[in-house]
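Q: In the working numbering, the protein residues as written are 627 to 973.
(1) Assign residue 747 to one of three DSSP states: helix, strand, or coil.
(2) Who are the near neighbours of residue 684 in its chain, counting only those whose CB is closer than 7 Å to its CB and skipping five residues on each side?
(3) From residue 866 to residue 758, what does the alpha carbon distance come to, in whole angstroms?
(4) Out of curiosity, what's the CA-to-CA distance linking residue 739 and residue 751?
(5) So the alpha helix (DSSP H) residue 805 belongs to, where does it begin and stop?
(6) Does the distance from the C-beta atom of residue 645 to that of residue 672 stay below 8 Å?
(7) On the CB-based measure, 16 or more other CB atoms within 10 Å of its CB, does residue 948 come out buried or exposed?
(8) Look up residue 865 in the DSSP assignment and say whether it is helix, strand or coil.
(9) Whose C-beta lies closer than 7 Å to the C-beta of residue 927 among residues of the same chain, with five residues either side of it excluded?
(10) Using CA coordinates, which residue listed in 648, 820 and 969 is at the minimum distance from residue 874?
(11) Please report the Cβ distance between residue 719 and residue 736, rounded to the nearest whole angstrom; I am assuming they are in contact, meaning their Cβ atoms lie under 8 Å.
(12) Kindly provide the ranges of any alpha helix (DSSP H) runs that are 4 or more residues long and lie completely inside the stretch 823 to 879, ordered along the chain.
(13) Should the stretch 840 to 854 be regarded as contacting the stretch 627 to 646, the criterion being three or more beta carbon pairs within less than 8 Å?
(14) In chain order, what residues of the same chain lie with their CB nearer than 6 Å to the CB of residue 716, ignoring the 5 residues before and after it?
(15) Could you tell me which uninterrupted alpha helix (DSSP H) segments, each at least 4 residues in length, are contained entirely in the stretch 629 to 657, listed from first to last along the chain?
(16) Within its chain, find whatever has a CB closer than 6 Å to the CB of residue 813; leave out the 5 residues flanking it on each side and keep chain order.
(17) Between the stretch 760 to 769 and the stretch 653 to 668, can you find at least three pairs of beta-carbon atoms closer than 8 Å?
(18) Is the separation between the beta-carbon of residue 903 and that of residue 783 shorter than 8 Å?
(19) Please report the Cβ distance between residue 741 and residue 722, rounded to the nearest whole angstrom; I am assuming they are in contact, meaning their Cβ atoms lie under 8 Å.
(20) Please work out which residues of its chain come closer than 8 Å, Cβ to Cβ, to residue 967, disregarding the five sequence neighbours upstream and downstream, and give them in chain order.
(21) Could you check the C-alpha separation between residue 772 and residue 766 for me, to the nearest Å?
(22) What is the rounded straight-line gap between the Cα of residue 955 and the Cα of residue 851?
(23) Please confirm whether residue 877 and residue 973 have their CB atoms less than 8 Å apart.
(24) First and last residue of the alpha helix (DSSP H) that includes residue 816?
(25) Should residue 742 be flagged as near chain C, meaning a C-beta pair shorter than 8 Å?
(26) Hey, would you say residue 780 sits closer than 8 Å to residue 698, going by beta carbons?
(27) State the DSSP-derived secondary structure class of residue 881, mapped to helix, strand or coil.
(28) Return the CA-CA distance between residue 728 and residue 882, expressed in angstroms with no decimal places.
(29) Can you tell me which residues form a DSSP beta bridge with residue 679?
(30) Take residue 905 as the anchor and find which of 872, 675 and 937 has the nearest alpha-carbon.
(31) Hey, how far is the Cα of residue 774 from the Cα of residue 807?
(32) Give the secondary structure of residue 892 by DSSP, where H, G and I count as helix, E and B as strand, and everything else as coil.
(33) Have a look at residue 786 and residue 819 and give me their C-alpha separation to the nearest angstrom.
(34) Report the residue from 679, 696 and 724 whose alpha carbon sits nearest the alpha carbon of residue 707.
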């Protein structure tokens with residue numbers, strides 16, 4: 627992006643005393659790094675630009691380590707609090723993710739496929755990039771600003787995680803940004819973040835789940851049952867993609883008796899995991915349109931979508947019960963296996 631584009635972005639937010647940089651409900655390294663980059667680009671600090679999300683506590687060990695070691699403050703906010711900010715910038719997410727509760731924001735920067743039906747003064751959507759951190763690196767370089775070691779480390783980790791070390795959905799811009807940041811980042815600190823500890827009790831859950839995995843019609847299914855941490859499900863999906871000859875993985879479970887979570891992974895060059903996830907989520911109601919606000923209020927963190935090779939579905943257990951007429955581990959697994967296979971064939 628040119629300097630004029632950067633100037634336009636700055637102008638959109640320059641009159642605001644307090645800015646909310648809003649992320650999706652489960653902030654990951656790409657989202658957090660991009661938010662930190664935007665705050666830097668706008669010349670703000672934590673007092674004048676809050677990095678927030680509508681979700682609960684960030685719990686994935688690597689993400690917590692990133693927040694602690696790189697001193698990135700990410701807070702949970704309510705919709706009422708969000709509306710009290712002078713301006714709102716969305717990073718690594720688009721208004722449509724939240725239904726229609728935020729139809730107008732000031733800026734949107736994202737690398738997911740564009741979904742319209744919102745208004746924003748500045749929009750930078752590029753689905754060709756594998757990470758929003760790549761977009762933010764380009765904006766920072768176009769501005770002529772110096773990228774600090776701390777910010778370079780965050781952005782490098784953002785690209786690395788979202789592209790699976792440049793092996794998933796990565797393009798030329800991602801490779802260029804990765805190479806540029808690699809020379810500026812603190813690689814020792816990055817290794818510490820990546821090696822965040824996993825409690826031993828969670829290893830037992832992983833072991834039991836792997837022992838009862840099943841493969842049907844080319845899809846590897848892993849049912850983790852009840853889990854206490856959201857990150858366990860995508861971590862299992864990423865691990866299972868390393869199994870020889872695996873092209874699709876569906877890892878799923880129930881989070882704290884409140885939410886059904888499904889993580890989808892695939893090789894990314896035949897069909898889109900994101901399209902499959904959106905199709906599955908829409909079985910529970912319309913994410914947008916006239917029922918969008920009602921559904922969003924009912925489902926809170928509900929949603930479905932992602933990239934071609936990685937995606938997720940989040941649905942409140944009560945909505946799942948309505949669909950299945952009651953739930954058990956057996957009925958959940960039966961529904962997931964049958965529906966995922968059928969949907970992959972359809973999309």
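All C-beta atoms, glycine included, are put in the ideal place defined by N, C-alpha and C. Here the structure is a predicted model, which means the values were calculated and not measured.
A: A quick look at the data gives this:
(1) Within the chain shown, the letter at position 121 stands for residue 747. Strand.
(2) On the chain shown, position 58 is the one that residue 684 refers to. The answer, listed in chain order, is 653, 690, 693 and 700.
(3) Against the chain shown, residue 866 aligns to sequence position 240. Against the chain shown, residue 758 aligns to sequence position 132. Their backbone Cα atoms lie some 25 Å apart in a straight line.
(4) Mapped onto the chain shown, residue 739 falls at position 113. Mapped onto the chain shown, residue 751 falls at position 125. Whole-angstrom Cα-Cα distance: 8 Å.
(5) Counting from one through the chain shown, the residue named residue 805 turns up at place 179. From DSSP, the alpha helix (DSSP H) with residue 805 extends over 798 to 808.
(6) The residue labelled residue 645 in the question sits at position 19 within the chain shown. The residue labelled residue 672 in the question sits at position 46 within the chain shown. Going by C-beta atoms, residue 645 is not nearer than 8 Å to residue 672.
(7) By 1-based counting over the chain shown, the position of residue 948 is 322. It counts as exposed.
(8) Sequence index remark: in the chain shown, residue 865 carries index 239 (1-based). Of the three classes helix, strand and coil, the one that applies to residue 865 here is helix, per DSSP.
(9) Mapped onto the chain shown, residue 927 falls at position 301. Legend: pLDDT at residue 927 = 41, less than 50; position of this residue unreliable, no value from coordinates given.
(10) Counting from 1 along the chain shown, the entry for residue 874 is found at position 248. The residue with the shortest Cα to Cα distance from residue 874 is 969.
(11) Residue mapping note: residue 719 aligns to position 93 of the chain shown, counting from 1. Residue mapping note: residue 736 aligns to position 110 of the chain shown, counting from 1. Right, their Cβ atoms sit about 6 Å apart.
(12) 826 to 837 and 858 to 866
(13) no
(14) Residue mapping note: residue 716 aligns to position 90 of the chain shown, counting from 1. 648, 731 and 734.
(15) 629 to 639
(16) Within the chain shown, numbered from 1, the residue matching residue 813 stands at position 187. Excluding positions up to five away in sequence, the list is empty.
(17) yes
(18) Counted from its first residue, the chain shown places residue 903 at position 277. Counted from its first residue, the chain shown places residue 783 at position 157. No, the pair does not count as a contact, with Cβ atoms beyond the cut-off.
(19) As a working mapping, residue 741 is identified with position 115 in the chain shown. As a working mapping, residue 722 is identified with position 96 in the chain shown. Confirmed, Cβ separation roughly 4 Å.
(20) Within the chain shown, numbered from 1, the residue matching residue 967 stands at position 341. Closer than 8 Å at Cβ, skipping near neighbours: 842, 843 and 845.
(21) Taking the first residue of the chain shown as 1, we reach residue 772 at position 146. Taking the first residue of the chain shown as 1, we reach residue 766 at position 140. Each residue's Cα considered, the two are about 8 Å apart.
(22) Along the chain shown, one-based indexing puts residue 955 at 329. Along the chain shown, one-based indexing puts residue 851 at 225. Going from the Cα of residue 955 to the Cα of residue 851 covers about 7 Å.
(23) Against the chain shown, residue 877 aligns to sequence position 251. Against the chain shown, residue 973 aligns to sequence position 347. Contact: no.
(24) Taking the chain shown and counting its residues from 1, the one referred to as residue 816 is at position 190. Taken as a continuous stretch (DSSP letters only), the alpha helix (DSSP H) holding residue 816 covers 813 to 820.
(25) The structure shown contains no chain C; it is built from a single protein chain.
(26) Along the chain shown, read from residue 1 onward, the residue named residue 780 stands at position 154. Along the chain shown, read from residue 1 onward, the residue named residue 698 stands at position 72. Yes, Cβ-Cβ distance for residue 780 and residue 698 is below 8 Å.
(27) Taking the chain shown and counting its residues from 1, one reaches residue 881 at position 255. The answer is strand: DSSP assigns residue 881 an E or B state.
(28) What you label residue 728 is simply residue 102 of the chain shown in a count that begins at 1. What you label residue 882 is simply residue 256 of the chain shown in a count that begins at 1. Going from the Cα of residue 728 to the Cα of residue 882 covers about 28 Å.
(29) The residue labelled residue 679 in the question sits at position 53 within the chain shown. Partner(s): 702.
(30) Position 279 of the chain shown, counted from the start, is the residue given in the question as residue 905. The shortest C-alpha separation from residue 905 is found at 937.
(31) Residue numbering aside, residue 774 sits at position 148 when the chain shown is read from its first letter. Residue numbering aside, residue 807 sits at position 181 when the chain shown is read from its first letter. Looking at the two C-alpha atoms, the distance is approximately 10 Å.
(32) On the chain shown, position 266 is the one that residue 892 refers to. Looking at residue 892 - three-state DSSP - the assignment turns out to be strand.
(33) On the chain shown, position 160 is the one that residue 786 refers to. On the chain shown, position 193 is the one that residue 819 refers to. Distance between the alpha carbons of residue 786 and residue 819: 12 Å.
(34) Counting from 1 along the chain shown, the entry for residue 707 is found at position 81. Closest option to residue 707, Cα to Cα, is 679.
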